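Numbering (the working numbering), first residue to last: -6 to 626.
Quick reminder that beta carbons are idealized off the backbone N, C-alpha and C, glycines included.
All of these numbers come straight from a predicted model, not from anything done at the bench.
Worksheet for the structure shown next.
Pasting the structure below:
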């Protein structure tokens, strides 16, 4: 490993406050911090205590009023509706300021919560920034979320207002949001006083008099009146947003993100991790309902003065497996960030990369993958097809940015398939056994992070410090428990093998489902896969592999399944006891692309399960059940 990354990482480790104090110079502050880090505040200390700032000012105003006013800030590309739009920083400021005026007219003030329930349209980003402008705390809920799930978030966040849209568009269908929104408000104990609704041309909705406000009419009136809404100074430690993540208890956990540390960390990452210069086009193909959308569609690119792509579509089917390449070509994208599942979908539809040759991808420098484990086969395919570095990196909703990555802006370290490379400054990552003691290099264990957490990480859960402690800090005192299992090699490269609850116990042997998935995905006919442990009276658990085959494979599933069983036996050994391979048409996933392995395990074990709130298509679960029956399970 070369000295450059080591120098930067060691400079952080030797003087964390000096390191982040220097990084904070990239952010404009209304008042500087009294302390870069105050160890006595809240659960484990707070970054930039005493400082005052405004995230909207840093993401919008300083560029709009400076030399970037006419530069594109947001490029909206919607193959699903056939529409495109570009907004300069000056345009964004006008839209955001006007919406902030509408929010103020509805009585929204600093510290109030606003729930945003929107599809992937520019107005979703404007809504987030308008809340940040006036010091309100936004909570984005994935557009089209079930009414009862939205209601639980309304009860927890207690928003004064909701910003929504009339509908969302999916391939082949229009999803009416307003009936879901009205039902959620009906179900919720907490009722917001107003709903600001953006009417989309594909489907309009009725507005309830006295409660609902027409988004477009309100914004137009504010612009016509020349309304000015200055950016409200907030404490660096004040919440910018609350983002709900599923909890194991069924009750959602509200991850809190602060203003100051968040901006400093994201700004540092754009330059050092992603190697993006202000003015360049960066595309995170995610959704604002997820943490990636918060960090790398909206806040990081705009704070950094880059141009961000907001994409309403899918990697395949809108209209074909070439849509990503078209967007990169048309908008001069220099770096794409997406989930491995998107590339597996493209690889399944276009295994030979025929669509890639139709577009000019010469501006693309890097592909970043995150959101789930990037299997080596998919990484290799992407490298072969795109001829650019393919960088797996690892982070969580809770952390807000990468724990481990390959810092391209500092130096491109050797890429090792299966590893998200090395810990970033801010993260002292360690591998410990169940007793809390560090294990040897190469040994599997619990992945933990020594406290304090880096700037931009959650300081706690929304109004629930006790749950924060019990969920993340109690099991290994002095450390944050990531919930992931893996190992670190002698060079400091990290390997994330599975969630700790995906480690399976086969006849007393603790085995990683991730290692088995790596073997299955290397088979030339397999597009994607998932391995789960199912209950077995004799061995405790047995691994079962579910595989989706590539398009155009003309061999029988039974043939391929036999080969897969043999392959795992060869690569991992008889100890894996791998005898169950099941071919399916598709795998159940969340809308962000994470495979619902826990739910699949419950189906296989005939246990009751709660329909996951974030599931992309509930019908897939029945298909999994049928496939298991066909295999006599």
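Straight-line gap, residue i to residue j (C-alpha atoms, nearest Å)
i: residue 154; j: residue 453; result: 24 Å
i: residue 358; j: residue 328; result: 6 Å
i: residue 339; j: residue 225; result: 44 Å
i: residue 281; j: residue 466; result: 28 Å
i: residue 9; j: residue 440; result: 21 Å
i: residue 385; j: residue 363; result: 6 Å
i: residue 318; j: residue 347; result: 11 Å
i: residue 242; j: residue 583; result: Any answer about residue 242 is weak, because its pLDDT of 48 lies below 50 and its placement is not dependable; what the coordinates show is given next. If I take the Cα positions, the gap works out to 18 Å.
i: residue 371; j: residue 356; result: 22 Å
i: residue 85; j: residue 212; result: 12 Å
i: residue 269; j: residue 139; result: 37 Å
i: residue 468; j: residue 474; result: 7 Å
i: residue 616; j: residue 599; result: 14 Å
i: residue 162; j: residue 31; result: 46 Å
i: residue 76; j: residue 1; result: 43 Å
i: residue 447; j: residue 419; result: 5 Å
i: residue 92; j: residue 320; result: 29 Å
i: residue 137; j: residue 125; result: 23 Å
i: residue 566; j: residue 507; result: 15 Å
i: residue 514; j: residue 334; result: 12 Å
i: residue 267; j: residue 284; result: 17 Å
i: residue 592; j: residue 428; result: 29 Å
i: residue 614; j: residue 580; result: 8 Å
i: residue 178; j: residue 255; result: 31 Å
i: residue 80; j: residue 59; result: 16 Å
i: residue 488; j: residue 103; result: 42 Å
Cβ neighbour criterion (16 or more within 10 Å) applied to residue i
i: residue 215; result: buried
i: residue 548; result: exposed
i: residue 186; result: exposed
i: residue 604; result: exposed
i: residue 197; result: exposed
i: residue 611; result: exposed
i: residue 235; result: buried
i: residue 101; result: buried
i: residue 366; result: buried
i: residue 203; result: exposed
i: residue 389; result: buried
6 Å Cβ shell around residue i - same chain, five flanking residues per side excluded
i: residue 623; result: none
i: residue 229; result: 41, 44, 46, 252, 253
i: residue 22; result: 44, 46
i: residue 129; result: 101, 105, 107
i: residue 533; result: 498
i: residue 156; result: 109, 120, 189
i: residue 63; result: 81
Under 8 Å between C-beta atoms of residue i and residue j
i: residue 449; j: residue 538; result: no
i: residue 323; j: residue 300; result: no
i: residue 260; j: residue 291; result: no
i: residue 511; j: residue 369; result: yes
i: residue 635; j: residue 375; result: With the chain covering only -6 through 626, there is no way to say anything about residue 635.
i: residue -2; j: residue 432; result: no
i: residue 190; j: residue 20; result: no
i: residue 379; j: residue 113; result: no
i: residue 134; j: residue 143; result: yes
i: residue 417; j: residue 480; result: no
i: residue 36; j: residue 13; result: no
i: residue 577; j: residue 520; result: no
i: residue 115; j: residue 69; result: yes
i: residue 330; j: residue 277; result: yes
i: residue 442; j: residue 396; result: yes
i: residue 626; j: residue 597; result: yes
Identified DSSP bridge partners for residue i
i: residue 360; result: 329, 383
i: residue 538; result: 524, 574
i: residue 443; result: 472
i: residue 583; result: 608
i: residue 169; result: 160
Any chain C beta carbon closer than 8 Å to residue i
i: residue 0; result: Any reference to chain C falls outside this structure, which holds one protein chain only.
Close beta carbons around residue i, own chain, < 7 Å, minus the five adjacent residues each side
i: residue 309; result: 338, 339, 342
i: residue 391; result: 248, 450, 451
i: residue 141; result: 180
i: residue 288; result: 259, 393, 394
i: residue 117; result: 109, 111, 281
i: residue 402; result: 264, 265, 266, 267, 268
i: residue 95; result: 189, 206, 211, 212, 215
i: residue 24; result: 44, 45
i: residue 182; result: 148
Cut-off 8 Å between Cβ atoms - residues of its own chain near residue i, not counting five sequence neighbours on either side
i: residue 311; result: 72, 73, 164
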